[in-house]
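Chemist: Handing you this structure, nothing more for now.
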Amino acid sequence: MEVILSERGKELILYKNYKFSCKNLTKNGRKWRCTKKTCNAKLYVDEVKTTILKEETEHNHLPPKNVQRQIISNQVNRKAMNDLIEKPLKLINKQIFTEKSTNDLKIEDISNIRQNLYRARRKSIPKLPKNLRETQEIIMSTTTLANRNEEFY
Numbered sequence: 000m001e002v003i004l005s006e007r008g009k010e011l012i013l014y015k016n017y018k019f020s021c022k023n024l025t026k027n028g029r030k031w032r033c034t035k036k037t038c039n040a041k042l043y044v045d046e047v048k049t050t051i052l053k054e055e056t057e058h059n060h061l062p063p064k065n066v067q068r069q070i071i072s073n074q075v076n077r078k079a080m081n082d083l084i085e086k087p088l089k090l091i092n093k094q095i096f097t098e099k100s101t102n103d104l105k106i107e108d109i110s111n112i113r114q115n116l117y118r119a120r121r122k123s124i125p126k127l128p129k130n131l132r133e134t135q136e137i138i139m140s141t142t143t144l145a146n147r148n149e150e151f152y
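All residue numbers for the sequence shown refer to numbering that gives the first Met the number 0, where the first residue is 0 and numbers rise by one.
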């Protein structure tokens, strides 16, 4: 059992190559359902997400194929947000070489991971002003401090 993040940042449990999303808290523990909407498979996991209390894992479909790409993408995005200077392809290559099973990754997967990385970085960087007025507003709203923590004008 492994906890991973979805494309939208929600926690998922990866169990026997199937993904489960958190639904609600029950007397049997926290209920996790298969991410495939037509599947009725469920897991009941304790609050700390370490032990499976009960499992009803009768799936009516094959395991998803993009799990490895999703794991690598999440890890690369996390590292990219901490290190904004590192080149995206270098981060991706490092992560691919440290992963155990990356045999089923395709060139399209690497391209998708790279696009996800750029999108994640773009969210953390403020937008550039489009005209002189926006530039002046940003400068006026920013407080700049001098060496002795005095306001700089």
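No residue lacks a Cβ here, since even glycine has one placed at the ideal position from N, Cα and C.
May I ask you to list the residues that DSSP assigns as paired with C33?
Modeler: C33 is bridged to F19.
Chemist: Determine the contact status of I95 and I124, defining contact as a CB-CB distance below 8 Å.
Modeler: It is not a contact, given that the beta carbons lie outside the stated cut-off.
Chemist: In this structure, how does DSSP classify L144 when only helix, strand and coil are distinguished?
Modeler: The answer is strand: DSSP assigns L144 an E or B state.
Chemist: E150 to T142, Cα distance in whole Å?
Modeler: Answer to the nearest angstrom: the Cα atoms are 7 Å apart.
Chemist: Among L88, S110, C33, V75, whose alpha-carbon lies nearest the alpha-carbon of H60?
Modeler: Nearest C-alpha to H60: C33.
Chemist: Is it true that the region 127 to 146 meets the region 102 to 111, where meeting means three or more beta-carbon pairs spaced less than 8 Å apart?
Modeler: No, they do not touch.
Chemist: Would you say L90 and V75 are within 8 Å of each other, going by their C-beta atoms?
Modeler: Yes; because the gap between Cβ atoms is below 8 Å, this pair is in contact.
Chemist: Going by the CB atoms, is the gap between L11 and S5 shorter than 8 Å?
Modeler: Result yes, Cβ atoms of S5 and L11 sit closer than 8 Å.
Chemist: Going by DSSP in three states, I12 sits in which element: helix, strand or coil?
Modeler: Here I12 sits in strand by DSSP.
Chemist: Give the straight-line distance between the Cα atoms of F35 and P63, rounded to the nearest whole angstrom.
Modeler: Sequence inspection shows Lys at residue 35; the Phe mentioned does not correspond to that position. So the two alpha carbons sit approximately 9 Å from each other.
Chemist: Could you tell me the distance, in whole angstroms, from the CA atom of C21 to the CA atom of N130?
Modeler: Spanning the two alpha carbons is a distance of roughly 45 Å.
Chemist: If you run the structure through DSSP and keep just helix, strand and coil, what is T134?
Modeler: Helix, per DSSP.
Chemist: Which same chain residues end up closer than 7 Å to P128 when comparing Cβ atoms and leaving out the 5 residues on each side of it in sequence?
Modeler: Counting only Cβ-Cβ distances below 7 Å, and skipping sequence neighbours, we find T134, I137.
Chemist: Are the beta-carbon atoms of K53 and N27 separated by less than 8 Å?
Modeler: Yes, they are a contact pair.
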